[in-house]
Structures are given as structure tokens and as C-alpha cells.
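Engineer: Read left to right, the sequence shown gives residues 1 to 1039 (full-length UniProt numbering).
The beta-carbon is built from N, C-alpha and C at its ideal position, and this holds for glycine as well.
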Amino acid sequence: IRGERLPYSVFAEELLPTLVEVCSARADSDAPQPVGRAGLCLLEATVHYPQSDVTELLGAGGAGVALLTALESGAAEAGTQVARRALRRALRLGSSDVTAPRLCAWLQGEAPRLQVLAAETIGQDARDPDGIQRLLDAGLLGVLFGLPRKPSEVPVVSSKDVKDWKKFHEETMQREKLVQQKREQFLKLARVAASVAISAVQKARPDQIPDIVEAGANQWLCTALEAEISKVNKSNQRQYQWWHFASRRLWDDSDDERETREIDATVSQDFFLDTAAAVVAVLALGGEAESALVSAFTDVKGLRSELRSMTYRKDMPEMQQMSRDLLDKLSEKQRERQLEKLFCQRCTESPPQCNRCKGTAFENCYTCQGTGQFSTDCRYCGGSGQWKDGNPCGRCKGTGKYTAKCGKCKGEGKWSCQKCKGTGRPFCKACDALRRSGGRSLKLGPEPKPGVKIAECGPADVEMLQKMWKERGATGGTVVQAWSVDNPLLHWRQRKCIQDLKPSLGRAPDELRGFHGTPAQNVLSIVQNGFDAGRRAGQAFGAGEYFAKNPDVSIGYCRGDPYMLVCQLCLGQEASDPSLGNGDHIWVPSNQYYVIATPEQVVPLYIIKWMDSPATHGELTEVLAQKEWSTLESQGAREVPPNRAAKMAAESTDLLWIGYLDPQVEDSQLESDLRTFLEANLPEGRRDFRLQVVRGRYTQAKARLASPLEREAVLALCEKTFVENGNERTVTVDDGHGSPEMPCPRTIAQYCRGRNLRFVDPCWCQHQALPTATAMFQLEAVDIHGAKADEIISNFMKSGPFHDGQPRVVEINAIQNDLLAQLHDRYKSYLKDKNKEESKIVELYHGTNNKILDTLYTHGLQPPSDAAACEECPVSGGKGLSTSLCNNDCDKCTKRHCWDRCHMFGLGIYLADLAAKSHRYCSEPVPQNGRRCFRMVLCSVAMGRALELKGHLKEGPCMHDVFSLRGLWKGDLEDKVTPVDTMKNGLLPKDAPPVEQHDLLFVKGLGASCKPGFSVHNSEFISFHPYQCLPRYEIVYEI
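(1) Going by DSSP, what residue range makes up the beta strand (DSSP E) through ALA204?
(2) Can you pull the DSSP bridge partners for TRP657?
(3) What number of angstroms, rounded off, separates the C-alpha of VAL280 from the C-alpha of LEU326?
(4) Judging by CA-CA distance, which residue of PRO683, SER672 and ARG697 is the nearest neighbour of LEU691?
(5) Pull the bridge partners of GLU600 from the DSSP assignment, please.
(6) Identify, in the order they occur along the chain, each residue of the same chain with its Cβ nearer than 8 Å to the Cβ of ARG249, setting aside the five sequence neighbours on each side.
(7) Pick helix, strand or coil for PHE272, following the three-state DSSP scheme.
(8) Please go through the same chain and pick out, in chain order, the residues whose beta-carbon is closer than 6 Å to the beta-carbon of GLY696, but skip the five residues on each side of it.
(9) The alpha helix (DSSP H) that contains residue 1053, what's its start and end?
(10) Start and end of the alpha helix (DSSP H) containing ILE555?
(11) Do you know offhand how far GLU193's Cα is from LEU114's?
(12) Tell me whether the segment 898-906 and the segment 916-924 touch, counting them as touching only if at least three CB pairs, one residue from each stretch, are closer than 8 Å.
(13) Is it buried or exposed for TYR546, if we count other Cβ within 10 angstroms and need 16 for buried?
(14) Can you tell me whether DSSP reads LYS453 as helix, strand or coil?
(15) Whose C-alpha, out of ILE658, THR699, CYS763 and ALA773, is nearest the C-alpha of PHE722?
(16) Following the continuous alpha helix (DSSP H) through SER504, name the residue where it begins and the one where it ends.
(17) Let me know the secondary structure DSSP gives TYR910 once reduced to three states.
(18) Return the first residue and the last residue of the alpha helix (DSSP H) that LEU141 is part of.
(19) Consult DSSP for MET564 and reduce its assignment to one of helix, strand or coil.
(20) Name the residue from CYS890, ILE454, GLY109 and ASN1018 whose alpha carbon lies nearest to the alpha carbon of ALA625.
(21) What does the alpha-carbon distance come out to for the pair CYS570 and ALA278?
(22) Are at least three pairs of beta-carbons, each pair with one atom in the segment 812-826 and one in the segment 747-758, less than 8 Å apart?
(23) In three-state DSSP terms, what is ALA520?
(24) Kindly indicate the opening and closing residues of the alpha helix (DSSP H) around ILE793.
(25) Is the CB-CB distance between LEU670 and VAL523 below 7 Å?
(26) Find the nearest neighbour of SER964 within the set PRO604, THR172, ASP866 and GLU412, judged by alpha-carbon distance.
(27) Rounded to whole angstroms, what's the CA-CA distance from PRO864 to PRO450? Just pull it up for me.
(28) Please state whether the Cβ-Cβ distance between CYS393 and TYR380 is less than 7 Å.
(29) Closest to GLN124 by C-alpha separation, out of ILE198, SER1019, THR676 and LEU465, would be which residue?
(30) Kindly indicate which residue of GLY860, GLY967, VAL693 and ASP662 has the alpha-carbon position closest to the one of ASP761.
(31) Residues bridged to LYS609 by DSSP?
(32) Have a look at THR260 and ASP137 and give me their C-alpha separation to the nearest angstrom.
(33) Less than 7 Å between the C-beta atoms of ALA650 and ASP790, yes or no?
(34) In whole angstroms, what is the alpha-carbon distance linking THR166 and LEU178?
(35) For the segment 489-506 against the segment 590-603, are there 3 or more C-beta pairs whose distance is under 8 Å?
(36) In or out: ILE1035 buried (at least 16 other Cβ within 10 Å) or exposed?
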């Protein structure tokens, strides 16, 4: 055939039938070599016989079908390459009506070898526009890109009721082997599918790319980016085992294994660069193709985290730079799409131009006049440019001027326009309504009247202050006693200062606590009226109020008195000279001073007694001797809201909601009145119940019934007369679990805890989408030498070394999420309204899987569900989660989550004041230069009323199902916990409010007295509301 000495007529009449018969051999044939050779003859015939009827060779009933059948049966292993060439030739010769269905069947089948063969065949034809068009017409690209983008699941071997552990171990090992095999097969197919997507995008005509993207190439491009980065990281990451942590030993890899990893990393790096180039090409087109790619970037779980992890890989500069560029471009496109949701339809179709910035979205900095530079006379030579001996000044190089980056605009010369919020176009009233629907920003409100309240601190506050005293490096004294200071006017002024600083900084200003020593006679004046700029003295490092990081520095200013102040400091831009002309604070590391420019940046939080002293100090001693002392005006009695309509839809319920009640009446009186009301009106035999008064923004009650009560009987209670403290009226009695037709009465600060509970205490009300659905976040590097970074690093390193090595902080990023910050402010406002005082803010650590941090920065920390994650669920499945991410309306996650030595103190958000404790929960680090790079979150937590729990659990799982402190009824805590101090009467002090009126659970660490599984060695904090915790800083560290 090759020599063209065999005429086509002779070939078609004498040889073709025999070749077709040989190629039709089945799997039971023992002649794979003849099948391959026969296929080779057919392939050569399609090349060398260009007659018009040559397509019969691959037509229906011809050699093409025979060869496909032989390959499919497994009898043509030796002719695989020949078959691949024949398939490709079949496409090019126009007989795709025969090969396309067979290829689709192979791709959608279960045979991995045939899947890869079909994908490679498609890839060979996707190298020119004509071939790509044939694939699009045949629908093959859509089938290939529509394949699942994760390995098929393998059933887990259950360890329940295991009797033969040897057999269980063998089955587990077989499953692990099968999982690894499926993963390798999937990665091979994924690499081919991604290669086809890259080739199709790079080789196609511009008008073909939208069709390619629509077929699903965007999903595979993003999947390829995530997979290749993960492969590069894992190829360089040595495997640690838990028993090696004790001896600090690692697995020893052979030279061959190390070389194999290096080769795999190089191949993945090249493939990643090709994929990134294809992504850039799609983004350059704009339109629907760009929009689809941005959607894929959002949908592919872990891609954003993997790109961010690669930005830390200094050992791979090309991938590092490309990752940064891709992350910036994709994030900017995503931000633009989110921004479009903030404008109404009229402004979207005909966007107006901001008349302040003329559509540029920026305005010049007024401090540096748009130059980005701040210039002042050199303080070393007094602006002369020369030393006293006539030599040029070494500081200013003889210019007499000291030039530095402008602190207001950070050297940019501009900042976002304040009128249009950096969008280039103003917001109309309809746009403002859209923005408010995603989370309204709280207004400052009217300026409060002067006044202060001083109250003795609880155990949680005292422990936090003692820990702060020790971490700040104090060598003398300790926190003997502490009092909380609440001054609404000073808090209002600081909030106004924060709002004024935020536009110039581009984010919320940093906040930290500083010690201030002063004679005892000045303490009351400061906490009542704030600091007075007219009484400043000394001012060695600049004009301002002086505070110390180390309390030893402040002790010298107490003049022998035992009292000291702890203040909250607001830090905007650090000044570069003592005049504070280009900033609002100065950090002096040598003396550990904080110099604050204005009194409005300071709020006294605590008065602490740092040593025992028998001396009296006049009025201050009298004030602190009282349980609570206040000069605030008493607030008027709050009116009881009108009764709402009962909308119970369920046939029966075992939980009653009763409201609203008079907040001026004591709990004991309300309980007595409610008990009388229910015992008189509940049906006979249904009067066994538990009752509890719940105080929040409004006062209400709930009753747990021993047996369910029918809807008619519940609604009838709304008509009965209720005698409240001697006054007759009616109250609303409704289903405590809610109904789909009614707005949720259990919502607190735009979140209902029962929305993701299915078994413990579910809420079936109508819940809107989470307000963070349109949230966006940005990371901004914090100056590693600044005051805030110094405090973060010093506190972080105090708990080192960690259990697996000594950490080294390499970077600190401020997390900016305006919408989440607004929700956090709203929750603080709720606490202030509920507790009648400003909530204290404490910074706590949270460690978790580093691959889900982007989700936490967007939506905040979320309390877990009481339902187990189902592997078939598209939201919660395939992530290795123990609890579901879904709400209680998910039809997949319906199995209850059971205790497995987890959630020791309830289904809440766990935080710690010790970095070493949170580090144990950090996983998925990024390998870098032989070290592991972790990220930990530092959160601002609104304390409210903290409930101290100091004891041992009576049983390991006894608090597992506690979903909120409001879920603990009277006496429940005593039934679950044994106090450490058996001499005390109960877990709580006698004058402490009920458990349900607390906002945060503080579990006291017992140190050497800890019982593993029943108590903790180091303290931890548990929150049950997502907006109580605001992620503020990301700490990047290496081990």
C-alpha cells in the first residue's frame, strides 16, 4: 500500500473483507497482534487511496466500526496508537456521525482507558480552528468538559459493630488503594481535559472562544489551576507523622523519589503557566466569555486559596508572579461584578458621572497635593543642610529637607472619592436601597450626655487583664482587682474618629490597648471626662497623650499609688516626626510608648489595681468599694411592643413562644404569672412543662412541653387573659420552632441560630439569604514595624515554641470586609441595647483549614450544624466535613451529627487567647524553602456578658448538642458540669444573671488539674453567633 503498487480495486475486492473480519475479533481472541496490524493496513489505506469512496473504510459496517469494536473489547491493545490515529482520521474525513457517538459513549462510560483514549483523540483534533469547529458541531467538547471534576466516591468502611478487626483493616487498606487508583485515573483524565481546553482556547478563532467557554472549558481551566498548584505544593512537601513530632524526625526520601518529585513539580509548573496564559486570553476577550470564567473562578472551591498560597512561593518566581497577576485580575473582575449589584437598573443602563472626581473614582490627597511625598525641615541639621562643623548633613544629604512617603495617602497621591465610594458614579436613592438591603451601616446617632458607670469586673475580664499584664513583659506587680468603665460619650467620640479616619486609610483603623499611669486623684476625672490636651507635660517624643505597652513603664507615673488605667487606642496613620503633622500617632519602640495625637482616639476601659495597698484615696476608694457606681441618667421604662399575630402552621408543637412581656417586671414574678397562666389554660394532662424567661432586645418566654400540643389549642391561648404583675392583658402564644409563613422572631442581628439546626432546636420560619451573599474582602499588608504589628507579633510569639516547631511571623495582613464589619457593629449595638453598656472587644485567635480562609473572610466564622455532611450534597459533600454547611431545608444532609470526641462544649465557634492552642487546628500549610507556611486568623470578639465555666464535664458528650447559651434551661449546666471548687454553691455566683442572659462561653483552663476529654488545659472561648466575631488580621508564619 505504501509503495502504491497495490491497486485500489484489488485492495477493496480481495483484502478489505479479510481486514474487516480480523478487526472484528472479540476479547476471547488470542490474536491481538494481527488486529493491530490489520488496523494499521486500514489506516494506511485511508492515506494512500484518496478515492471518493474511501470513507466506506470507516463508514457504517466498515473497517472503522470494526476497529472501534476491537479496541472496545480489549483485543487490540497492541494497536491502541493505530486506533487513535484512525479515530482522528475518521473525524477529519467527515465520518464523525460514526465516531462521535462512540466517543461520547466512551467518555461517559466507566472504562478509564477508553475515557483517556477518547479525550486524547479529541485533543489531537483540537489543534486548529477547523478541527475545533468539527468538535463543536459534533458536541464532543461539551461532553468532554461536562465530565465530573472530581474522582468518583468510594464507600467508606464503617467501623460500627466491628468484630473481626483484621478483616476491617484489610477492607480499609483495599479501600485506600482503590481511592488512590481512582484519583490517579481521574488526574490523568483531568490533565488531558485541561490540555484540550488550553489548546482549544489558544488555537481557536476569536469567534469560537465563546462557544468553547460555553461548552465548559472555563471550569476545567480553573480546575487545572487549582490542581497543578496543589500538585506542586505536595511534590515538595515531606510527609509528617504524628509520632515523629515528639522526636522531630522526618521520613527519609530516597534520591529517586526526590528526583521524581522535582520532575513532577517542573512539569506541573510548565502546565500551570500554559493554563494561566489561556485564562488571560479568555479575560482579554471580555463579554460573556469573561463573565463565565469569573463565575468558574468563584465556583471552583479552593482556587482562590491555592493562588494566594502560591504568592508566598519565592522559590518559584514565575509561578509566584503569574499567581499574583491572575489573582489581581480575577479578583478585580469579580469585584466589578459584585459592584454592579449595588446600582439600580437605571444607573446601570445609563451610568451618571460623579461631579466630584469626574468619573475617575479618585481625588487628590490634600496633604501632599497629589505628589505622594511629605517634606519637612530635617530635624538633624535644623533645615540648614550642614552639621556644626560645616560638613553636609548625612540624614538629608545636604538638602535641608527630609522627604518621606505621605502618611495620609500612603504615597499614592490620591484616595478613593468619598462621594461615589470609589466607583466613579454617584448613588441614587434606589442604589442606596440596594446597598442597605445587603447590610445597613449603623449611624452614630445623637451625641450622648456625659456620664460614666464603674462596675467590678467578672472573672473572664480579670483573667484577660492578667494575661495581658504578663504578655506585655511586666516584671513587677500583677492585676489584683479590676473595674470596668463604661462612658457612652467617649465611646461615641472614638467611633466618630474611626469613621473619619477610615476614608483616608482605605480600611478600618487599627486598635490596641495601652496602659496609662497617673496618680489616684486623677483617675475619676479621666474616666468621667476623658483626657485633657491642655494638661499635657513632658512631651519628649511629640505632642500627645502617652501610653505604654509595658505596664512597668506606667508604674513609674503612678507616684506610688496602686491604680492604673487600661485604655483603648485608635491608630490611624503613623507620623514621621514629633509634630504629628502627617499622622495621628507615634510608636517609640525603644521606650515602648504610644503617643496619641488627640483625646478623641482614647477611651478608658478598665481601672486596675496592680498591688495591695492599705492606703485610702478619697473619693476613688469610696467609688470602687461599691458594686456599681454610675452618673448616667436613668433610662425611661421601655414600652412593651404590641402583640403580633400567631401564625403557627404545624399540626402540633412541643415548644411554645410567649411574648412580649414587660421588661420592668422581675424574672421570678414573670415566671410565677406565666406558670399560673399555662396551668389554668392548658388541656388536662398537658400541664407538664419547663418555663424560662428570655431577655434580649425584648422580653419573652419559652415553654418546653412534655408532650406535643395541637395547633388549635396553641392558638386558643392567644385569646386567654394573662395577669402580668396584677395587670390583665393578652399575649401571643406561638410555635417556638416557627412556621414557613412567618418572619423569624428568633433573629438576632440578622441571623437566626436555628436556621441550620434540624434536630436540637430547629427554626422553620421564613429566612432570607445571608446578608454576606454579596460581601467582598480585601487584604492589606500591615507595616511589620508599626505599633499594631509589634503588639500582634509579641503576643503571638509569647506562646512559642509550638508543638511542632518554633514559629516565625513573616507577614500580617489586615482583612477589610465592609459588609461583615457592619454586621459586627450591628451585633455590638444589640449587646449594648441588651446589657445597657458598651461591649468590650477582645482579640482572640482562630485556627482552621487554610484552604477555607477565603470563605471565612467573606462570610465570617459560622457556628456548625447539628446535621452530618452528606457526600452526595453539592454544597457540603466531598470536603471531608463532619457537619453540614447547609440550612435545615437541605434534602441531602438529613442524618444527625453524633459526638465523636468533637465540639466538647457545644456547637459553636471556638477561639483561644493562646496562639499555640489555635495552631493545633491549622492545617493545609504551604511548603516553602523546606518550611511550612501557615495562616491564622486574629478576630475581634464582642465579649458582652461572658459566662465563666470552671469545672469538669460529667460525661464527654453531655454538652455536645448545646447550640447556644439560650438553649440551656435552668439547672441544665449544673447537671452537665462538676465545679472544680466544691466549696462554692454552684457554678455561678449568687448575684450572677441566668445562663441564658450571657453572650459568650468562657471555659477556664485548668492546667495540671485538667482531665483530658472532660476539661481543657488552656482556656478557650465559644461563641454561638457568626457576627460576634470579626476576622481582623491574618497572621502568616513559618515553621
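Structural biologist: Once the coordinates are examined:
(1) Looking up residue 204 in the sequence shown gives position 204. Where ALA204 is concerned, there is no enclosing beta strand (DSSP E), because DSSP gives it neither an H nor an E.
(2) One-based indexing of the sequence shown puts residue 657 at position 657. Per the DSSP secondary-structure output, TRP657 pairs in a beta bridge with LYS702 and ASP734.
(3) Working through the sequence shown from its first residue, we reach residue 280 at position 280. Working through the sequence shown from its first residue, we reach residue 326 at position 326. Each residue's alpha carbon lies about 8 Å from the other.
(4) As a working mapping, residue 691 is identified with position 691 in the sequence shown. It is SER672.
(5) Translated into positions along the sequence shown, residue 600 becomes position 600. According to DSSP, GLU600 shares a beta bridge with no other residue.
(6) The residue given as residue 249 occupies position 249 in the sequence shown. In this prediction, ARG249 has a pLDDT of 34, which is less than 50 and means its spatial position is unreliable; what the coordinates show is noted afterwards. Annotation for ARG249: no residue places its beta carbon closer than 8 Å to its own, counting only its chain and skipping 5 residues before and after.
(7) Taking the sequence shown and counting its residues from 1, one reaches residue 272 at position 272. Helix, per DSSP.
(8) Counted from its first residue, the sequence shown places residue 696 at position 696. Taken in chain order, the residues that qualify are LYS834.
(9) The structure shown does not extend to residue 1053, since the chain is modelled only from 1 through 1039, so no value can be given for it.
(10) Taking the first residue of the sequence shown as 1, we reach residue 555 at position 555. Counting along the chain, the alpha helix (DSSP H) containing ILE555 begins and ends at 551-555.
(11) Taking the first residue of the sequence shown as position 1, residue 193 is located at position 193. Taking the first residue of the sequence shown as position 1, residue 114 is located at position 114. With the sequence shown as reference, residue 193 is identified as Ala, and Glu is not the correct amino acid for it. Approximately 14 Å, taken between the alpha carbons.
(12) The segment 898-906, when compared against the segment 916-924, does not touch it at the 8 Å Cβ threshold.
(13) Position 546 of the sequence shown, counted from the start, is the residue given in the question as residue 546. Buried is the call here.
(14) Looking up residue 453 in the sequence shown gives position 453. The answer is strand: DSSP assigns LYS453 an E or B state.
(15) Taking the first residue of the sequence shown as 1, we reach residue 722 at position 722. For the options ILE658, THR699, CYS763 and ALA773, the alpha carbon positioned closest to that of PHE722 is the one of ILE658.
(16) Here residue 504 refers to the residue found at position 504 of the sequence shown. That run of the alpha helix (DSSP H) goes 488-505.
(17) For the purposes of this step, residue 910 is taken as the residue at position 910 of the sequence shown. Strand.
(18) Along the sequence shown, read from residue 1 onward, the residue named residue 141 stands at position 141. Element bounds for LEU141: 140-145.
(19) Counting from 1 along the sequence shown, the entry for residue 564 is found at position 564. Three-state result, MET564: strand.
(20) Start at 1 with the first residue of the sequence shown, and residue 625 comes out as number 625. Nearest option by C-alpha distance: ILE454.
(21) Here the question's residue 570 lines up with position 570 in the sequence shown. Here the question's residue 278 lines up with position 278 in the sequence shown. ALA278 has its alpha-carbon roughly 46 Å from the corresponding atom of CYS570.
(22) At 8 Å Cβ cutoff, the stretches touch.
(23) Working through the sequence shown from its first residue, we reach residue 520 at position 520. Here ALA520 sits in helix by DSSP.
(24) Taking the first residue of the sequence shown as 1, we reach residue 793 at position 793. Here the alpha helix (DSSP H) through ILE793 covers 787-798.
(25) Numbered from its first residue, the sequence shown carries residue 670 at position 670. Numbered from its first residue, the sequence shown carries residue 523 at position 523. Taking 7 Å as the Cβ cut-off, LEU670 and VAL523 do not qualify as a contacting pair.
(26) Translated into the one-based positions of the sequence shown, residue 964 becomes position 964. Considering only alpha carbons, the answer is ASP866.
(27) On the sequence shown, residue 864 is found 864 positions in, with the first residue counted as 1. On the sequence shown, residue 450 is found 450 positions in, with the first residue counted as 1. C-alpha separation (whole angstroms): 42 Å.
(28) Working through the sequence shown from its first residue, we reach residue 393 at position 393. Working through the sequence shown from its first residue, we reach residue 380 at position 380. Their beta carbons are under 7 Å apart, which means CYS393 touches TYR380 by this criterion.
(29) Translated into the one-based positions of the sequence shown, residue 124 becomes position 124. The shortest C-alpha separation from GLN124 is found at ILE198.
(30) Counted from its first residue, the sequence shown places residue 761 at position 761. Comparing Cα-Cα distances from ASP761 to each of GLY860, GLY967, VAL693 and ASP662, the minimum goes to GLY967.
(31) As a first step, residue 609 is located in the sequence shown; it is residue number 609 there, counting from the start. Partner(s): GLN481 and TYR563.
(32) The residue labelled residue 260 in the question sits at position 260 within the sequence shown. The residue labelled residue 137 in the question sits at position 137 within the sequence shown. Only weak support exists for where THR260 lies, its pLDDT of 46 falling under 50; the coordinates are left without a value.
(33) For the purposes of this step, residue 650 is taken as the residue at position 650 of the sequence shown. For the purposes of this step, residue 790 is taken as the residue at position 790 of the sequence shown. It is not a contact, given that the beta carbons lie outside the stated cut-off.
(34) Start at 1 with the first residue of the sequence shown, and residue 166 comes out as number 166. Start at 1 with the first residue of the sequence shown, and residue 178 comes out as number 178. Per the sequence presented here, residue 166 reads as Lys, with Thr not at that position. Cα to Cα, LYS166 sits roughly 18 Å from LEU178.
(35) Yes, they touch.
(36) Translated into the one-based positions of the sequence shown, residue 1035 becomes position 1035. Residue burial annotation: ILE1035 is buried, with at least 16 other C-beta atoms found within 10 angstroms of its C-beta.
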